[in-house]
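Numbering (numbering that gives the first Met the number 0), first residue to last: 0 to 302. C-beta: ideal position from N, C-alpha, C; glycine also. Since the structure is predicted, the reported quantities are computational estimates derived from the model, not experimental observations.
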Amino acid sequence: MSDHDHAAAGTSQRGKLLLVFVITFTVMIAEIIGAILTGSLALLADAGHMFTDSAGLLIALLAASLALKPASISRTWGYKRAEIIAAAGQASLLLAVGGFVIIEGIRRLFDPPEVGESMMLWFGVIGLVGNAVSLVILSAGRNHNFNMKAAFLEVLNDALGSIAVIVAAIVIATTGWLQADAVVSLLIGTLIIPRTVKLLRDTINVLMESVPKGLDLSKVREHILALPNVLDVHDLHASLVASGTPVLSAHITVEDSCMTDGQAGVLLTNLQDCVAHHFDIGIEHSTFQIETSTHRDQENIHH
0 MSDHDHAAAG
10 TSQRGKLLLV
20 FVITFTVMIA
30 EIIGAILTGS
40 LALLADAGHM
50 FTDSAGLLIA
60 LLAASLALKP
70 ASISRTWGYK
80 RAEIIAAAGQ
90 ASLLLAVGGF
100 VIIEGIRRLF
110 DPPEVGESMM
120 LWFGVIGLVG
130 NAVSLVILSA
140 GRNHNFNMKA
150 AFLEVLNDAL
160 GSIAVIVAAI
170 VIATTGWLQA
180 DAVVSLLIGT
190 LIIPRTVKLL
200 RDTINVLMES
210 VPKGLDLSKV
220 REHILALPNV
230 LDVHDLHASL
240 VASGTPVLSA
250 HITVEDSCMT
260 DGQAGVLLTN
270 LQDCVAHHFD
280 IGIEHSTFQI
290 ETSTHRDQEN
300 IHH
């Protein structure tokens with residue numbers, strides 16, 4: 000994908016995030032009003048959930064904007080890592096929300112509030128409609144990067160919250176069982192936390208420069224060692240700068256003759272072609288240091 004294509008994709012993602020942020024923030028205001036009018040703690044909790052998600056979406060929007068900034072002499076990858084940092088921040092916020100929902104749900108089992116269930120139902124429907132529109136907007140791009148995935152999960156969690164409000168309102172209206180609010184709140188918490196933990200783990204792996212998921216470095220080593228003139232591979236590293244930007248580097252020990260008979264250039268081309276096309280994760284950004292066995296013996300650190 001060219002730089003122009005990346006920029007166009009980034010602009011499209013930023014537009015989607017902005018629209019979803021406006022919808023989420025508007026629904027949050029509506030639910031705060033609904034909580035005041037109905038006295039529903041469920042609506043107030045869901046509004047708090049949406050407040051957290053609005054903040055997360057705003058972070059994602061800022062990150063998407065920063066990612067469009069070009070690289071510079073001091074930031075050679077530009078701001079690509081901003082989307083990873085933003086996604087990690089969003090995951091942390093979501094984890095806190097999940098914990099709050101569970102704690103609050105347990106409290107409500109023992110101290111259920113009186114609510115105006117009819118208005119609670121309508122405000123829950125308003126929230127669900129807003130969430131549904133946002134999910135449609137984000138669905139096509141949710142796998143493009145961690146940032147969009149985090150935003151999609153936040154809106155999905157909001158939709159679950161709205162559904163929980165609707166279910167609780169219907170149960171309370173038909174049975175008078177006030178604890179329904181607490182039960183659905185606990186259900187939401189158990190749905191939020193596993194997804195959030197996975198997202199947080201994935202983003203931390205990127206920040207720790209772990210090997211990209213789906214790439215087996217032992218197989219990479221095997222492919223490289225099978226190339227002509229290659230004697231050994233060391234200092235082999237692979238990581239993600241951001242979603243869709245895997246990088247790889249390695250020191251390649253070669254036959255001494257390779258450095259004098261013009262084969263080094265051919266080998267470099269073969270190395271780059273190998274890591275770009277022979278694996279599920281195509282690595283376009285690769286750096287190889289080609290050296291003789293004598294040079295390797297002079298190195299102080301090997302990995």
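Exposure of residue i, with buried meaning 16 or more beta-carbon neighbours within 10 Å
i    : result
M119 : buried
P112 : exposed
F109 : exposed
D2   : A caution first: D2 carries a pLDDT of 48, below 50, which makes its placement in the model unreliable, though a value can still be read off. With fewer than 16 other Cβ atoms within 10 Å, it is exposed.
E290 : buried
M207 : exposed
P245 : buried
S217 : exposed
A225 : exposed
A70  : exposed
K15  : buried
I28  : exposed
S161 : buried
K212 : exposed
D272 : exposed
E221 : exposed
D157 : buried
T252 : buried
T259 : exposed
S73  : exposed
D201 : buried
I35  : exposed
G175 : exposed
S292 : exposed
DSSP beta-bridge partners of residue i
i    : result
I251 : V232 and I289
S238 : V246
H276 : Answer by DSSP bridge pairing: none, since H276 is not bridged.
H48  : DSSP output for H48 lists no bridge partner at all.
H284 : V246
Close-in-space but distant-in-sequence residues of the same chain around residue i (CB under 7 Å, 5 per side omitted)
i    : result
F20  : S53, L56, L57 and L60
T286 : S248
E283 : A275
T190 : The question names Thr, yet the displayed sequence has Leu at residue 190. Result list for L190: L159, in chain order.
I165 : L120, G123, V124 and L127
I101 : L185 and G188
F50  : M27
W76  : A70 and V240
8 Å contact criterion, which residue i and residue j should meet: CB distance rounded
i    : j    : result
L266 : A237 : Between A237 and L266 the Cβ distance is about 19 Å, and since that is not below 8 Å, they are no contact.
H233 : H250 : 5 Å
E116 : I192 : That pair is no contact at about 28 Å.
A46  : I31  : 5 Å
A44  : A90  : Their Cβ separation, rounded to whole angstroms, is 20 Å, which puts A44 and A90 out of contact at 8 Å.
S209 : R107 : 40 Å between Cβ atoms; not a contact.
H205 : K79  : Checking the sequence shown, residue 205 turns out to be Val, not His. V205 to K79, Cβ: 11 Å. No contact.
G104 : G188 : 6 Å
I136 : L18  : 6 Å
V219 : L235 : 7 Å
Chain-order list of residues whose beta-carbon lies under 6 Å from that of residue i (same chain, five-residue window excluded)
i    : result
S39  : V114 and M119
L134 : V154
Q288 : H250
A181 : G104, R107 and L108
Own chain, CB closer than 8 Å to residue i, minus 5 neighbours either side, in chain order
i    : result
G88  : G55 and I58
T195 : A90, L93, L94, G97 and L152
What ranges does the beta strand (DSSP E) occupy inside the region 118-189, keeping only unbroken runs of at least 3 residues that lie completely in it? none
Whole runs of the alpha helix (DSSP H) within the region 18-95, excluding any shorter than 4 residues: 40-66
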